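Written below as structure tokens is the structure these notes are about.
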Amino acid sequence: MTVQGAAVPTAPAPSVALPDDGRRPPPAWATVAARFVPGVLLIAFLIWFGLAQQTDRVWISLGVDAVATAIAVVGVNVLLGYTGLLSLGHYSFFVFGGFVGAIWAVQDWGVNPWLGFGIALLAGMVLGAVLALACCHLRGFYLTVVTLGFALISAPIAQAASGLFNGLTPRQVEQPLDMQPIFDHLDLKNLQIAANKYLIGLYWIGAALLLFSVYMTWNLVHSRYGRGFKAIRESELAAGASGVPTYWYKVVAFALSAGLVSMAGVIAAQNTLNVGVSDGAAMVGNSFKYVVEAFTGGLGTLAGPVIGAFTFTMGFGIDIGGKTITQRLGTAVALFDAALVVAVALVAPEGVVGNLKRIGAWVTRAYSGAARPTPVASDAMQRPTPRAATRSGDGSAAVLEARGLVRRFGGLAAIDHVDVSIAPGTVHALIGPNGSGKSTFINLITGIYRADEGRVLLHGRDIGRMRPSHRSRLGVARTFQTCLIWRRMTVLENVKVGTHGRNGRRWSATRIAVGVFLTLALGIWFHAAGDTDLVPAFLVALAFAAASVSDLGIALLVPRFLRFDEQRTADRAWGLLHFVGLAERGRDRAGALPFVDQRRLEIARALASDPDVLLLDEPAAGMHPNDVHQLTELIRRIRDAGITVLLIEHHMDLVMELSDTVTVLDFGCVIAEGTPAEVRTDPKVIEAYLGVGAESEATEEGVST
Ligand code: ADP
Ligand code: MG
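Here the numbering used here is used: the first residue of the sequence shown is 5, the next is one more, and so on.
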């Protein structure tokens, strides 16, 4: 056991009983190896392949295909694997990237061909964002249908717009990359190498871009963006309530994935020296291929897309009895792909990487992530901190106020002209029979539902029209009656997502200075070293620089151990895990926690947003009396830290012990309000909720029905 809870003198955190099963922490080398071996293997394979196959035209050409496809699948994985959104139109971005990066930028705008990759990345992101803005408010299936439509109409659009940009019909790449720097290192006396030199050059560029893409995804998943994506994948509702701006994050994920696919398209264009839009069916078919490859390799993993793409491109090039697998499959390849998806879905839904991980976990079962030492957290990091502490004299007596709230479902008013005013620093209980509208009230406060009438005021400010994520960032946190944690993320990650609204970056002077410097340096370089005109050179430089110093750019380019905000987020998350007594489970998957601990985790996540008001929806439901006692202590400590609590609960002893004020709802109306003692003896409350003569019983057992 480590030092958890020791730093809070008022009440020690309840401890988690971990079975002492003799599990040891893994040795340091194993931890490091597990993190870096896949990357080292990828680099080693790429170098080996490039050197070993440079004399073989077929294989080096397959290699170019493989790295381009892998980049595209890495992109698709950002959207499908991490964010959980399926697009069947991404091949359109692949073609678009080829046009922008290899043709328009070079031939029409006079930019050096080497800048085509970066330009395609940014242009793909812009086009992706435009499409996503129009469809990311849609959920799951509907979004997929829009992307399908996008793929189908790309060809007609290309035809209709063929007058623009000097044409969208098939065009030749007239100015291939100048590979001289790479050729200098090739043994051109070897005739086969000399014959393949353009392909060899392209392969090395593609390999470098693939490593860059994987590196960016690696940084991404350890940033607030990546965690936000994963949270959206599992529960968009909980993500929004925890401060993740879900709509924008889906747009970002879509844009990023479109950008990576576009960049891959430039490699293909430089390879075939020709770009054209195929018919709709082919666009959809090729998009589906990316999905198949990501899925087979392992969705939502870093290595999966690479393994999937390499298997399907290089693997299908393997010669079996004089014919490659591709040649043998012929037109049946689509059927094969479809069959493979079904097989993977049934047998190995986690793909190759998921299964490798499982084998790895089995091999190293003697070691345990949970047994790794738990980081110590300072007092300050453990203490829940309402943000109102930093906001003085807003003059409003109530933290949170509902005025004349009405919400109807069909004809029924679930909340019927409710006025509630919650005083700062108190525990305010909301009780009432099942179906009386308590959860609906919380959903109205947190923005899950919009009120039909009435207002919601936080510190006197009307928040009634805001999105849930916005309200969370202003200081309203909640838990859900059904306990919505992100089960596939670790306990620590769950809490880290909760800090979302707190660690947003501000545009600082440093960032702007770095941006200006980058613009100047890159602009001069592009103009002087490449044969790019002054204006396009500086425009491209400005775009690159702005993208690099944006929030997203920093998350993609700077590794987490160099980012201060990541360090602070981790400290805070560990601190709050200590506060609720879950620190020792920090590295476990959240879904593996027992029910009671899942509730505590939800509270820790809510506290991570430094809320002024914490809304708890039946936190003790289904709990053993011992656990209810610990929960009571926890809520008391939260209140003592200065956070106002709205508590919905059926356990009457909990309510009576903790609350300063009790409001009773029945059929959506407030039927009583007062101190616990007043409410308990109110005849209306006894009749509607506690039941005649049930008072003592209710106190003992709670009246959950
Ligand atoms: P409580 O939390 O007090 O048990 P709820 O707020 O969950 O009650 O529900 C109040 C009433 O509103 C119930 O009659 C319920 O059926 C209705 N209701 C809640 N949410 C919805 C919804 N999304 N659609 C239709 N009716 C709903
Ligand atoms: Mg409820």
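All residues carry an ideal CB built from backbone N, CA and C; glycine is no exception. Since this is a predicted model, take the numbers as computed values, not measurements.
Asked                                                                                                                                                  : Found
Is it buried or exposed, VAL149, if we count other Cβ atoms within 10 angstroms and call 16 or more buried?                                            : exposed
Within its chain, find whatever has a CB closer than 6 Å to the CB of VAL296; leave out the 5 residues flanking it on each side and keep chain order.  : ASP341 and VAL345
What are the start and end residues of the alpha helix (DSSP H) that includes CYS139?                                                                  : 120-139
In the DSSP assignment, what are the bridge partners of ALA481?                                                                                        : LEU618
Is it true that the CB of GLY128 sits closer than 7 Å to the CB of GLY263?                                                                             : yes
Check whether the Cβ of PHE413 sits closer than 6 Å to any heavy atom of ligand 1, and report yes or no.                                               : yes
Taking the straight line between their C-alpha atoms, what separation do you get for LEU2 and LEU662?                                                  : Limits of the chain in this structure are 5 at one end and 709 at the other, which puts residue 2 out of reach.
Along the chain, where does the beta strand (DSSP E) that runs through ARG412 open and close?                                                          : 404-413
Sorry if obvious, but does the Cβ on ALA418 come closer than 6 Å to a heavy atom of ligand 1?                                                          : yes
Less than 8 Å between the CB atoms is what I'm expecting for GLY590 and VAL495, so what's the real figure, rounded?                                    : 5 Å
Closest to THR648 by C-alpha separation, out of GLU457, ALA433, GLU570 and PRO472, would be which residue?                                             : ALA433
Assuming the contact rule is C-beta atoms closer than 8 Å, GLN386 and PHE121 should be a hit. Round their C-beta distance to whole Å, please.          : The Cβ separation is near 47 Å, so there is no contact.
If you scan the stretch 641-688 from start to end, which runs of the beta strand (DSSP E) of 3 or more residues do you find wholly inside it?          : 648-652, 665-670 and 673-678
Is LYS442 near ligand 2, going by C-beta to nearest heavy atom under 6 Å?                                                                              : yes
List the endpoints of the continuous alpha helix (DSSP H) containing ALA550.                                                                           : 538-553
Should GLN485 be counted as a contact of ligand 2 given a C-beta to heavy atom distance under 6 Å?                                                     : yes
Skipping 5 residues on each side, what residues in its chain have a beta carbon closer than 7 Å to that of ARG738?                                     : No information on residue 738 is available, as it lies outside the stretch 5 to 709 that the chain covers here.
With a 10 Å radius around its C-beta and 16 neighbouring C-beta atoms as the bar for buried, classify TYR722 as buried or exposed.                     : Any answer about residue 722 is impossible in this case: the structure gives the chain only from 5 up to 709.
Do you know offhand how far ALA645's Cα is from ALA612's?                                                                                              : 13 Å
Using only the alpha-carbon positions, how far apart do ALA272 and PRO174 sit?                                                                         : 14 Å
Just to check my reading of the structure: THR667 and VAL424 have Cβ atoms closer than 8 Å, yes? What is that Cβ distance to the nearest angstrom?     : 6 Å
Give a single yes or no on whether ASN438 has its beta carbon closer than 6 Å to a heavy atom of ligand 1.                                             : yes
I need the straight-line Cα distance from VAL562 to ASN223, nearest angstrom please.                                                                   : 7 Å
What three-state label does DSSP hand GLY458 in the structure shown?                                                                                   : strand
Could you tell me the boundaries of the beta strand (DSSP E) in which LEU84 lies?                                                                      : Premise fails: LEU84 is in no beta strand (DSSP E) and is neither H nor E.
Should GLY79 and SER261 be called a contact, given that it needs their Cβ atoms to be closer than 7 Å?                                                 : yes
Between the alpha carbons of PHE100 and GLY269, how many angstroms are there, rounded?                                                                 : 7 Å
Anyone know if the C-beta pair for LEU619 and ILE419 falls short of 7 Å?                                                                               : no
Here's the rule I'm using: 16 or more other beta-carbon atoms within 10 Å means buried, otherwise exposed. How should GLY397 be labelled?              : Low confidence applies to GLY397: its pLDDT is 48, below 50, so where it sits in the model is not reliable enough to give any reading.
Classify ASP686 as buried or exposed, calling it buried when 16 or more other Cβ atoms lie within 10 Å of its own Cβ.                                  : buried
Ends of the beta strand (DSSP E) at HIS421?                                                                                                            : 416-426
In terms of residues, what are the limits of the alpha helix (DSSP H) holding ALA1?                                                                    : Residue 1 is absent from the model: the chain starts at 5 and stops at 709.
Going by CA-CA distance only, name the one from VAL225, TRP208 and GLU178 that's closest to GLN184.                                                    : TRP208
Look at SER217 and ILE51 and say whether their C-beta atoms are less than 7 Å apart.                                                                   : no
Go through its chain and collect everything with a Cβ distance to SER227's Cβ below 6 Å, but skip five positions before and after it.                  : ALA559
Keeping to the same chain, check which residues put their C-beta closer than 8 Å to that of PRO390; ignore five residues upstream and five downstream. : GLY479, ASP614, PRO615, ASP616, ALA645, GLY646, ILE647 and THR648
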